[in-house]
Structures are given as structure tokens and as C-alpha cells.
Amino acid sequence: MTDAEPAAPPARLEWRVATVVGVRDETPSTRTLVLDVPEWPGHRAGQHVDVRLVAEDGYQAQRSYSIASPPESANVELTIECIKDAEVSPYLHDVLQVGDGVEIRGPIGGYFVWEVQQRGPLLLVAGGSGIVPLMAMLRHRAHSATAEQARSPVHLLYSARTADDIIYREELEAIAKSAGVSVFITLTRDAPAGWTGYRRRIDRAMLEEVAWRPARNTRAFVCGPTPLVEATANLLVDIGYDAKRVRTERFGPTG
Amino acid sequence: MQTEDMRLDGNAAGGPLRELFAMDMTAAMATCSGCGTARAVGALLEYGHEMGLILRCPHCNMPVLRMVRTPRFLRLDVTGLSFIAIDEPVS
């Protein structure tokens with residue numbers, strides 16, 4: 000033992016009241032809440048927060064939402080998909096307004112996270128609102144130096160039901176034009192006339208076309224509904240990905 | 000209820016586990032006492048319910064960690080866990 004001061008214990012994860020400072024409609028069923036969080040310690044791309052709602056009778060409901068904004072952003076942005084008749088998301092989606100407060104705690108998570116310093120090709124696969132944490136990674140990458148970006152080329156495969164359900168569509172189109180980024184979108188229900196992207200569920204043939212090959216050094220992040228995530232992760236292992244380099248985050252249907 | 004649709008993963012347990020642990024646990028490696036498989040806590044399968052959560056081994060389905068909250072206590076059952084290994088942060 001030395002006389003050195005003991006290290007300060009890590010901060011507890013406290014509930015804080017965040018203030019809604021902006022609202023952005025993304026698609027007919029999703030909107031982004033821009034939150035100002037007092038004493039926000041900063042976050043990593045891919046992390047999430049827990050949101051807690053307390054009814055007047057004391058009943059509490061709690062859900063996790065991925066952070067859409069990059070670490071470089073001062074505010075915390077959450078993109079909420081409104082799930083009909085659910086307990087939490089309709090309130091966040093339809094009721095909460097600029098100036099309102101909402102209880103959150105975070106940032107949370109150290110597994111489904113990515114930093115541009117990690118280098119190496121990146122494969123991102125999203126289903127529906129599973130794009131949200133992957134968007135934080137893309138935005139984080141876009142904030143980094145050109146040389147850093149060159150070391151982390153990205154392929155994004157994004158599965159949405161229809162063109163109207165593509166979250167961040169304009170931003171993705173812009174990002175797709177930047178060096179080292181390829182965006183592949185597949186629509187599983189309806190596609191508009193002239194659609195040139197994929198038109199089916201993610202399958203092995205699609206992953207063989209989109210995924211980096213060989214898989215060596217590639218990091219894969221897969222996020223979306225449980226069946227999509229599990230099918231995709233298994234297919235990636237089938238085509239040669241090391242399971243340890245395929246990180247997954249399952250989004251639930253409870254909202 | 001433990002249907003496939005309700006299955007999430009250990010990422011969703013990150014917040015609740017921070018009520019007990021001083022650091023993030025989703026990146027910690029958990030070794031299942033049933034089959035010996037080591038997985039990041041974030042990669043375990045999570046079955047949530049009103050009173051808490053269960054994390055299961057994706058290899059053998061053993062409940063590795065159960066966290067239950069009642070009005071009177073918080074109970075952490077780690078019968079299915081051999082050990083947890085946490086990377087030391089490089090600073």
C-alpha cells in the first residue's frame with residue numbers, strides 16, 4: 000500500500016430530469032427527441048439510456064432507448080418508434096413537447112459500442128428502428144478526421160418495411176456519398192416505382208453481396224427486432240465471420 | 000412469459016445492473032457454470048418480466064443471472080454464474 004489518495008469511486012448511475020429542447024419527425028411512426036441533460040457525462044456511439052415514466056398513482060414504466068446523437072454532440076437525441084397501445088413510446092412520441100421534462104439515466108452499455116479509434120472495416124446491419132445506435136456510429140465516424148475515416152470503411156445494410164419507414168433517409172443519402180461508406184437498403188413490404196435497392200428480407204445471398212469479405216478484422220454490429228438480429232448474426236457466422244466480432248442488440252416489441 | 004418474441008439481450012440489463020455494480024457490466028465476460036461458455040453479459044439472452052430479469056446462457060440456456068425486485072428486497076441470484084471477468088480500463 001502507498002499513501003496515494005484512493006481513486007474516487009465511479010459515479011452512481013442516477014436518474015436525472017432531461018428537458019426536451021427539440022422534436023423532429025423522422026417517419027410517420029418515429030420522431031426524435033432532442034434532450035438537454037444536466038451534467039451529462041458524455042457517451043459512446045451505441046450506448047443507450049433508460050427512460051422512466053411515473054404515473055400519479057406511483058406506477059412506473061421503464062424502457063431503454065438507444066442514443067442517436069454522436070459523442071461529439073452536446074445534446075442527447077433519442078429516436079422513438081411509436082408502438083400502438085404500448086406503455087411508454089406513445090407518451091414519448093405523441094405527448095411530450097418542447098420544454099417538458101423526462102426522467103432518464105445513462106449512458107448505459109459497454110458491449111454494443113464503437114469508437115473510430117478501433118479501426119478496421121465496419122459492417123452495420125439494422126432492422127427498423129435498430130438503425131438508431133448505428134446512426135450514432137455513422138455520425139461519430141463523420142465527425143472524425145479524414146485519415147481516421149479512411150481506416151474505418153463502412154457498409155450499412157438497412158432493412159425497412161417501406162420507403163416511408165426509412166429513418167434518417169436524407170442523412171443516409173448524404174452519408175452514402177462520402178468516401179468509404181456504402182449504404183444498402185432493402186424494403187420488405189412495398190417499394191416505390193423505380194426502386195433499385197433490395198426488395199426482400201435479409202438473407203444469406205444479400206449478406207454475401209454486402210458484407211466485407213474476407214471477414215478478417217471486420218467488426219459487425221447488428222441491431223433490430225430479435226428474429227432479424229439472430230438470423231443475421233447466424234448467417235454472418237455461416238459466411239465466415241468470427242462470432243466474437245459480431246455484436247448484437249435486440250430491440251423488443253413492448254415499447 | 001418466455002417466448003422468443005420477448006427475448007432481448009444483456010444490453011437491456013445494463014441499467015438495472017448498474018444499480019448493483021459500480022461499473023458497466025455489459026462488456027464483462029460471464030462464464031456459465033452449466034457449460035463453461037464465456038460470453039459478454041451484453042450477449043446473454045435476456046427475458047424481462049414485471050419483477051426483474053433473467054439472463055440466460057446463449058449456448059445451454061442456463062439462467063446465469065436472475066435479478067428480482069419486490070417491494071421489500073432486491074435479490075440477485077448468480078447460481079448459474081462461475082465468474083465474471085472485467086477488462087481493466089486502460090488509462
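The listed protein sequences correspond, in order, to chains A and B.
Counting in numbering that gives the first Met the number 0, the first sequence runs without a single skipped number right up to 254 at its last residue.
Counting in numbering that gives the first Met the number 0, the second sequence runs without a single skipped number right up to 90 at its last residue.
Beta carbons: idealized from backbone N, C-alpha and C, even for Gly.
Every value quoted in this text rests on a predicted model; they were computed, and no experiment measured them.
Residues that DSSP places opposite residue i in a beta bridge
i	result
A/ASP49	A/SER63 and A/ARG104
B/ALA29	B/ARG38 and B/ILE83
A/ALA17	A/VAL101
A/ALA159	A/LEU186
A/PHE111	BP columns for A/PHE111 are empty, so no partner.
B/LEU52	B/GLY47 and B/MET66
A/GLY129	None, per the DSSP bridge assignment.
A/ASP24	A/ARG30
A/GLY257	The displayed coordinates of chain A run from 0 to 254. Any statement about residue 257 of chain A would go beyond what the structure contains.
B/LEU7	B/GLU45
A/THR145	Paired residues: none, contrary to the question.
A/THR78	A/THR31
8 Å Cβ cutoff, residue i in contact with chain B
i	result
A/ASP56	no
A/GLU248	yes
A/ASP49	yes
A/LEU12	yes
A/GLY251	yes
A/ARG104	yes
Between the CA atoms of residue j and residue i - distance to the nearest angstrom
i	j	result
A/GLY196	A/HIS42	33 Å
A/GLY129	A/THR161	15 Å
B/ALA29	B/ALA39	6 Å
A/PRO27	B/GLY79	44 Å
A/GLN59	A/ALA192	46 Å
A/ALA214	A/ASP99	46 Å
B/LEU54	A/VAL112	20 Å
A/ILE137	A/GLU55	Checking the sequence, you will find Leu at residue 137 of chain A rather than Ile. The straight-line gap from Cα to Cα measures roughly 40 Å.
B/MET22	A/MET134	25 Å
B/GLY41	B/ARG6	13 Å
B/THR69	A/SER143	46 Å
A/GLY251	B/GLY14	16 Å
A/PRO132	B/GLY9	16 Å
A/GLY21	B/ASN60	43 Å
B/CYS31	B/ALA37	6 Å
B/ALA84	A/VAL97	43 Å
A/ARG150	A/ARG218	13 Å
A/ARG244	A/ASP163	32 Å
A/HIS258	A/TRP194	In this structure chain A extends from 0 to 254, so residue 258 of chain A is not present and cannot be described.
Within-8 Å CB hit, residue i to chain A
i	result
B/ASN60	no
B/ARG17	yes
B/ASP76	no
B/GLY79	no
B/ALA39	yes
Neighbouring residues, chain B, relative to residue i (Cβ below 7 Å)
i	result
A/TYR64	None at all; the shortest Cβ gap to chain B is about 11 Å.
Neighbour list for residue i in chain A, Cβ cutoff strictly below 9 Å
i	result
B/GLY35	Per Cβ cutoff of 9 Å: no residues; B/GLY35 is ~16 Å from chain A at best.
Beta-carbon neighbours of residue i, restricted to chain A and to distances below 7 Å
i	result
B/ALA26	GLY109 and TYR110
B/ILE13	Note that residue 13 of chain B is Gly in the sequence shown, not Ile. By Cβ distance, chain A contributes ILE107 and GLY108.
Proximity test, residue i beta-carbon vs the ligand COA heavy atom, cut-off 7 Å
i	result
A/GLU86	The ligand content of the structure shown is nil, which means the ligand COA is not present either.
Partners in chain A for residue i, counting only beta-carbon separations shorter than 8 Å
i	result
B/ALA42	TYR110, ARG246 and THR247
Three or more C-beta pairs below 8 Å linking the stretch 81-97 of chain A and the stretch 45-53 of chain B: no
Tell me whether the stretch 229-237 of chain A and the stretch 197-208 of chain A touch, counting them as touching only if at least three CB pairs, one residue from each stretch, are closer than 8 Å. Taking a cut-off of 8 Å for Cβ pairs, the stretch 229-237 of chain A and the stretch 197-208 of chain A touch, as three or more such pairs fall below it.
Check whether the stretch 120-127 of chain A and the stretch 61-75 of chain A are in contact - that is, three or more C-beta pairs closer than 8 Å. no
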